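Taking my numbering, the leading residue of the sequence shown gets 35, the next gets one more, and so forth.
Cβ atoms here follow ideal geometry from the backbone N, Cα and C, with glycine treated the same way.
Since this is a predicted model, take the numbers as computed values, not measurements.
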Amino acid sequence: MKNARLFLLLIIALAMMALVACGGGTTTTEEAVATEAPAEEAPAEEVEAPAEEVSGKVGIVLPTRDEPRWVQDETRFREALEAAGYEVEILFSQGDSARERSNVEDLITQGVQVLIITPHDGTAAAAAAEAARDAGVSVISYDRLIRDTDAVDYYVTFDSIAVGAQQAQFLVDNAEGEGNPLYLYAGAATDNNAFIFFEGAWGVLQPKIADGTFRIVNSSEAVALQDTAELTREQMAGIIDQVTTNWDFNTARNLAEANLTSAPAEDKGDVFILAPNDGTARAIADVFATDTDVTSFLVTGQDAEQASVQYIIDGRQSMTVFKDVRTLVDDAIAAATALLVGEAPNATGSYNNGVVDVPAIQSPVVTVDQSNVVEALIDSGYYSADLFTGLDALGSGETEAPAAELSGKVGIVLPTRDEPRWV
Ligand code: BGC
35 MKNARLFLLL IIALAMMALV ACGGGTTTTE EAVATEAPAE EAPAEEVEAP
85 AEEVSGKVGI VLPTRDEPRW VQDETRFREA LEAAGYEVEI LFSQGDSARE
135 RSNVEDLITQ GVQVLIITPH DGTAAAAAAE AARDAGVSVI SYDRLIRDTD
185 AVDYYVTFDS IAVGAQQAQF LVDNAEGEGN PLYLYAGAAT DNNAFIFFEG
235 AWGVLQPKIA DGTFRIVNSS EAVALQDTAE LTREQMAGII DQVTTNWDFN
285 TARNLAEANL TSAPAEDKGD VFILAPNDGT ARAIADVFAT DTDVTSFLVT
335 GQDAEQASVQ YIIDGRQSMT VFKDVRTLVD DAIAAATALL VGEAPNATGS
385 YNNGVVDVPA IQSPVVTVDQ SNVVEALIDS GYYSADLFTG LDALGSGETE
435 APAAELSGKV GIVLPTRDEP RWV
């Protein structure tokens with residue numbers, strides 16, 4: 035009940051913010067998005083007159099509209115906030131810290147009291163967070179942590195160590211023998227998550243590199259550190275610098291092409307690829323798929339982007355790590371509502387951002403491949419089946435009828451009928 039009330043208060047706050055934005059002639063950036071009027075099906079009981087004691091407003095800033103991942107978040111925020119029939123404004127920074135800063139300043143000018151922000155560059159965003167703090171605005175870091183400042187009140191995140199660990203585990207589980215060529219790719223060094231993902235992956239891969247299962251192909255820094263179980267941030271930075279995709283599809287594609295151009299045939303064959311997210315995974319997979327010396331490849335991802343789900347169904351991407359954005363959005367809204375009414379949000383732990391331990395709530399993540407894609411992403415209601423082709427062959431559970439030419443008999447011998455185990 036309390037949560038429902040808090041949610042209502044936030045909705046009211048957002049409505050108030052939207053009214054200020056629309057009616058007050060205040061500046062909104064060109065990335066500002068206003069959505070339609072209340073949905074007709076909005077439940078009547080949630081639409082009430084603003085409670086007198088509520089005066090809070092919330093602003094949301096996301097890093098770029100050019101990656102489906104953040105469009106997913108935008109959509110889920112809208113679903114959650116507009117269910118009650120109100121407008122919501124979400125600003126995109128388009129991969130530009132200066133625009134991010136001006137977005138934050140616009141929202142401060144509009145009088146927001148809580149800022150939910152995914153920084154483009156975690157360190158550069160400290161200045162924007164401090165500007166917000168100076169204006170009395172509470173700052174919630176959303177998915178990516180703002181670094182090197184104490185002006186972050188709360189962090190809503192997924193278990194990012196597990197993201198990297200699950201990617202790596204998938205490769206380990208599917209590798210046999212020794213000397214398997216391993217290609218490493220990472221996210222943007224400006225994103226704290228890129229380090230956490232890599233740390234999680236390294237923890238699982240390193241023992242399998244040290245024991246000879248894998249052989250790193252494309253990073254001399256990683257090769258030099260292959261016997262080091264735990265890397266410092268500086269050591270990771272050295273590796274990431276060599277294998278960064280910058281979270282950019284073209285950079286990923288170009289790097290994969292350069293890696294394959296310089297790799298001798300013995301570094302190809304059946305290869306294993308640690309790709310940090312879905313967008314870069316598709317770009318990298320497309321390159322590896324065209325190299326005739328690559329006989330097979332496994333490639334990881336994360337985000338369960340629609341395009342990658344289709345790639346997985348089609349066998350063009352091996353796995354993704356599903357991060358249920360609905361949970362993250364709900365957690366962010368719960369944190370914002372708590373802050374608006376002067377309560378401390380729930381926290382399950384904390385993350386050090388270089389200056390302070392930021393209280394955090396962390397959501398679990400799930401490995402998805404062909405074997406569970408239907409269950410995890412369709413049956414769960416995250417995506418509707420009609421967005422994809424080829425699902426029937428995957429998720430039907432149908433077993434093909436035995437081919438007519440098969441004949442043969444199978445005998446089974448069990449040890450005793452006296453133990454229920456064998457019965
Ligand atoms: C997010 C990923 C996303 C990546 C690129 C990371 O901070 O956690 O989900 O794919 O940024 O935008």
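Asked: What residues are listed by DSSP as bridge partners for Pro215?; Found: Arg249
Asked: Would you call Thr371 buried or exposed, if buried means 16 or more other Cβ atoms sit within 10 Å of its Cβ?; Found: buried
Asked: Grab the span of the beta strand (DSSP E) containing Ile94 for me, first residue to last.; Found: 92 to 96
Asked: Could you give the distance in angstroms between the alpha-carbon of Arg178 and the alpha-carbon of Thr423?; Found: 33 angstroms
Asked: Consult DSSP for Gln200 and reduce its assignment to one of helix, strand or coil.; Found: helix
Asked: Once you ignore the five residues that flank Asp130 on each side, which residues in its own chain have a CB closer than 8 angstroms to its CB?; Found: His154
Asked: Unbroken alpha helix (DSSP H) runs of length 4 or more, entirely within the stretch 124 to 154: which are they?; Found: 131 to 143
Asked: Considering only residues of the same chain and omitting the five flanking positions on each side of Tyr189, which have a CB-CB separation below 6 angstroms?; Found: Ser175, Leu179, Tyr385, Val392, Ala394
Asked: Quick one: what does DSSP say Ala223 is sitting in, helix, strand or coil?; Found: coil
Asked: By the DSSP assignment, the alpha helix (DSSP H) with Thr262 in it spans what residues?; Found: No alpha helix (DSSP H) holds Thr262; DSSP gives it neither H nor E.
Asked: Tell me, to the nearest whole angstrom, how far the beta carbon of Met270 is from that of Phe322; I am working on the premise that it is less than 8 angstroms.; Found: 24 angstroms between Cβ atoms; not a contact.
Asked: Need the endpoints of the beta strand (DSSP E) that Thr191 sits in, please.; Found: 188 to 192
Asked: Consult DSSP for Leu332 and reduce its assignment to one of helix, strand or coil.; Found: strand
Asked: Would you tell me roughly how many angstroms separate the C-alpha atoms of Leu265 and Ile274, rounded to the nearest one?; Found: 12 angstroms
Asked: Would you check if there are 3 or more beta carbon pairs closer than 8 angstroms linking the stretch 163 to 173 to the stretch 193 to 201?; Found: no
Asked: Spatial neighbours of Glu212 within its chain, please: C-beta separation below 7 angstroms, excluding the five flanking residues on both sides.; Found: Gly246, Thr247
Asked: Return the residue from the list Ile250, Thr278, Ala161 that minimises the CA-CA distance to Asp463.; Found: Because the chain here runs from 35 to 457, residue 463 falls outside it and cannot be looked at.
Asked: For Ser405, which residues of its own chain have a beta-carbon under 7 angstroms away from its beta-carbon, when the five flanking residues on both sides are left out?; Found: none
Asked: When the distance is taken between beta carbons, is Arg181 closer than 8 angstroms to Gly156?; Found: yes
Asked: Flag this pair as yes or no: are the beta carbons of Ile151 and Val171 separated by less than 8 angstroms?; Found: no
Asked: With 16 as the cutoff for other CB atoms within 10 Å, does Thr314 come out buried or exposed?; Found: buried
Asked: What did DSSP end up calling Val206 once you bin it into helix, strand or coil?; Found: helix
Asked: Taking the runs of the beta strand (DSSP E) that are 3 residues or longer, which of them lie wholly in the stretch 293 to 362?; Found: 303 to 308, 328 to 333, 354 to 356
Asked: Whole alpha helix (DSSP H) runs in the stretch 368 to 441 with 4 or more residues, listed along the chain?; Found: 425 to 429
Asked: Whose C-beta lies closer than 8 angstroms to the C-beta of Gln260 among residues of the same chain, with five residues either side of it excluded?; Found: Gln240, Ile243, Ala244, Ile250
Asked: Mark Ala132 as exposed unless 16 or more other C-beta atoms lie within 10 angstroms of its C-beta, in which case mark it buried.; Found: exposed
Asked: Using the Cβ count rule (16 or more neighbours within 10 Å means buried), how would you classify Glu113?; Found: exposed
Asked: When burial is assigned at 16 or more other CB atoms within 10 Å of the CB, is Asn252 buried or exposed?; Found: buried
Asked: Given a cut-off of 8 angstroms on the beta-carbon distance, is the pair Pro310 and Ala369 in contact?; Found: no
Asked: When the distance is taken between beta carbons, is Val343 closer than 8 angstroms to Val407?; Found: yes
Asked: In whole angstroms, give me the CA-to-CA distance for Phe331 and Asp312.; Found: 15 angstroms
Asked: Measuring from the CB of Asn311, is there a heavy atom of the ligand BGC at a distance below 7 angstroms?; Found: yes
Asked: Around the C-beta of Leu96, are 16 or more other C-beta atoms found within 10 angstroms, so that it is buried, or is it exposed?; Found: buried
Asked: Counting pairs of beta carbons, one from the stretch 347 to 367 and one from the stretch 99 to 107, are three or more of them closer than 8 angstroms?; Found: yes
Asked: Using the Cα positions of Gly376 and Ala202, report the straight-line distance between them to the nearest angstrom.; Found: 41 angstroms
Asked: Which class does Val173 belong to by DSSP, given the choice of helix, strand or coil?; Found: strand
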